[in-house]
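Residue numbers (our numbering): 35 to 101.
We treat Cβ as the ideally placed atom computed from N, Cα and C, and that holds for glycine.
Values in this document were obtained by computation on a predicted structure and should not be read as measured data.
One structure below.
Encoded structure:
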């Protein structure tokens, strides 16, 4: 169950990042994800999963996904 929740979170991050994309870089705030009910540990695991496919950088409270 936890794996599917992390996978769903990874998909949500990509969706939200594509929604606010500029110069092929999407941005999502960690706070946005926490408000959706995810924990920081789940966010960390989802970022590890996304790093296999995208270049992901965390700057402060922002997650930047390079497409």
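Here DSSP, grouped into helix, strand and coil, assigns residue 73 to coil.
Taking residue 50 as the centre and dropping the five residues before and after it, the same chain places the C-beta of 62 closer than 6 Å to its C-beta, in chain order. Looking at the backbone, the Cα of residue 39 and that of residue 67 are separated by about 12 Å.
For the pair residue 86 and residue 54, the Cα-to-Cα distance works out to about 21 Å. In this structure, residue 84 sits away from residue 42, with a CB-CB distance that is not shorter than 8 Å.
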